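Numbering (the numbering used here), first residue to last: 512 to 728. Ideal Cβ positions, reconstructed from N, Cα and C, are used throughout, including at glycine. Source: prediction; values computed, not measured. Below is one structure, written out as structure tokens; comments come after it.
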């Protein structure tokens with residue numbers, strides 16, 4: 512995962528167990544423009560927040576633009592970003608859950624997108640959100656070993672549930688998601704400020720609409 516300055520990122524402490532929840536976008540972009548700063552190519556994720564660097568914001572814009580341009584990498588910068596203003600935008604990514612004590616991470620799998628981040632609210636009703644595949648993240652409900660009842664246990668891969676899991680208290684999930692939403696609102700402000708070609712305000716509005724950010728949880 513690309514480095515970011517230390518932040519709260521949906522952090523909640525249970526004795527010695529610390530759970531983080533962060534919104535991320537996959538960083539495997541190919542689009543490069545001399546007037547559009549981006550970070551180095553990576554096969555990891557970029558955490559979205561109001562504390563991102565200008566280069567990481569550029570990386571996210573490049574990744575989202577490529578993901579929505581259907582393999583057309585020859586267009587100039589304004590045309591590439593401009594496509595996002597006239598379509599239903601999606602982004603490879605979602606929510607990253609991490610137990611900082613054990614190091615267990617639940618990353619968004621393939622084919623899951625940032626636009627579905629609110630589906631984690633399904634856990635409040637005992638339902639399981641789609642978390643992608645390859646790996647296939649696994650969610651189970653039951654009495655937590657340390658936390659008591661009302662816990663969702665999450666494993667990175669359903670094919671290997673014998674190892675340690677992230678354990679999220681259902682009662683605290685709304686707090687996690689509220690922090691994620693605040694981080695996404697901060698990301699929108701940086702898009703407004705730093706998006707190139709004078710598109711910041713319009714791109715922020717598009718992202719807000721299609722990634723379902725500012726509406727109350």
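One thing to note: residue 588 has its Cβ no nearer than 9 Å to the Cβ of residue 643.
Counting C-beta pairs closer than 8 Å gives three or more between the segment 550-566 and the segment 686-700, which meets the contact rule.
If only complete runs of 4 or more residues are kept, the segment 646-721 shows the alpha helix (DSSP H) at 684-705 and 711-721, in order along the chain.
When beta bridges are read from the DSSP output, residue 534 appears opposite 606.
In the three-state scheme derived from DSSP, where H, G and I count as helix and E and B as strand, residue 637 is classed as coil. In terms of Cβ geometry, residue 684 and residue 534 do not form a close pair [threshold 9 Å]. Taking all protein chains shown into account, residue 633 has fewer than 16 neighbouring C-beta atoms within 10 Å of its C-beta and is therefore exposed.
Cβ contact annotation for residue 596 (same chain, cutoff 8 Å, sequence separation greater than five): 710, 713, 714 and 717, in chain order.
Looking at the DSSP output, residue 616 bridges to 609. The straight-line gap separating the alpha-carbon atoms of residue 640 and residue 612 is approximately 24 Å. Residue 592 is classed as buried because its beta carbon has at least 16 other beta carbons within 10 Å across all chains shown.
In this structure, residue 663 places its C-beta atom within 9 Å of the C-beta atom of residue 679. At a Cβ-Cβ threshold of 9 Å, residue 691 and residue 602 do not count as neighbours.
With at least 16 other beta carbons inside 10 angstroms of its own, residue 609 counts as buried.
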